[in-house]
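Chemist:
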Amino acid sequence: MTEQKSEPVLKVLIVGDLGTGKTSIVKRYVENYFSEYYKATIGCDFALKVLKWTDDQVIRLQLWDISGHERLGSLTRIYYKDAVGCLLVFDMHKPTTFDGVLKWKNDLDNKVQLSDGTLLPCVLLANKCDLPKQDIVTDIEQMDDFCRVNGICKWFETSAKKNLNIETSIRYLIGQIMKNE
Ligand code: GTP
Ligand code: MG
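So the sequence shown is numbered by my numbering: it starts at 19 and just counts up by one.
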């Protein structure tokens, strides 16, 4: 008889400034759906994806999609509770949203840690890479340095619209999380 492996439930946060594409990333990943229509998230939305991690390992991924407004709100501590990883999202075409990345990272690091006291693994998504290139992400080494200096595991250019790197970046984050499980 083959032994049934447990199915870990991983709570993953998706944070970043308004309109950067967090909800679109979740919708693309979970439902393979994209809309041009922008409807701001109020508070926090939830989605669940059950995924095959290895041949004998299933993971239940809980995605907590937090409104860009919430960084200035008082609820993030509650939303962050028991999370084990985070996707930090910015819009490659809006420099102010890149400034938002460290504000979100600091908010996160100040309010949540893993059970052993270490910081949550974070992956940075430079979203909307389907649009014509802008200055923010021209220097790959500079982006690598930015991640290293600020304790971010890795960064990816993504497009929820064109479905570029969405699955790859999320699987990468899960890999980092599973090292801690
Ligand atoms: P809040 O909930 O307000 O924090 O925003 P959000 O980060 O959830 O952004 P949302 O996913 O709602 O997307 C905002 C707008 O950007 C929508 O009009 C989307 O269609 C558009 N958008 C999202 N991802 C992409 C992308 O990869 N490429 C392009 N071209 N547009 C995108
Ligand atoms: Mg949203």
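Glycine included, every Cβ here is placed at the ideal spot set by N, Cα and C.
Sort 106, 65, 35, 143 by Cα distance to residue 87 and report the nearest one.
Modeler: The shortest Cα separation from residue 87 among 106, 65, 35, 143 belongs to 35.
Chemist: Would residue 141 and residue 105 be called neighbours here (beta carbons separated by less than 8 Å)?
Modeler: Contact: yes.
Chemist: Taking the Cβ atom as the reference point for each residue, do residue 147 and residue 182 lie within a distance shorter than 8 Å?
Modeler: Against a cut-off of 8 Å, the Cβ pair of residue 182 and residue 147 comes out as a contact.
Chemist: Taking 8 Å as the threshold, find out whether the region 31-51 comes into contact with the region 75-82 through three or more Cβ pairs.
Modeler: With a cut-off of 8 Å, the region 75-82 and the region 31-51 count as touching, because enough Cβ pairs lie within range.
Chemist: Please tell me whether, using a cut-off of 7 Å, the distance from the CB of residue 178 to the nearest non-hydrogen atom of the ligand GTP is below it.
Modeler: Answer for residue 178: yes, Cβ within range of the ligand GTP.
Chemist: Please find out if some non-hydrogen atom of the ligand MG comes closer than 7 Å to the beta-carbon of residue 83.
Modeler: For the ligand MG, at least one heavy atom lies less than 7 Å from the Cβ of residue 83.
Chemist: Under 8 Å by Cβ, that's how I've got residue 101 and residue 130 pegged, so tell me the actual separation to the nearest angstrom.
Modeler: Indeed they touch by this definition, with Cβ atoms about 6 Å apart.
Chemist: Give me the Cβ distance between residue 103 and residue 195, rounded to the nearest whole Å; I'm assuming they're in contact under 8 Å.
Modeler: Their Cβ separation, rounded to whole angstroms, is 4 Å, which keeps residue 103 and residue 195 in contact under 8 Å.
Chemist: CA-CA distance, residue 95 and residue 122?
Modeler: In a straight line, the C-alpha of residue 95 is about 12 Å away from that of residue 122.
Chemist: In terms of residues, what are the limits of the alpha helix (DSSP H) holding residue 193?
Modeler: That run of the alpha helix (DSSP H) goes 184-198.
Chemist: Rounded to whole angstroms, what is the Cα-Cα separation between residue 73 and residue 114?
Modeler: About 42 Å.
Chemist: What's the C-alpha gap between residue 110 and residue 136?
Modeler: Cα-Cα distance, rounded: 29 Å.
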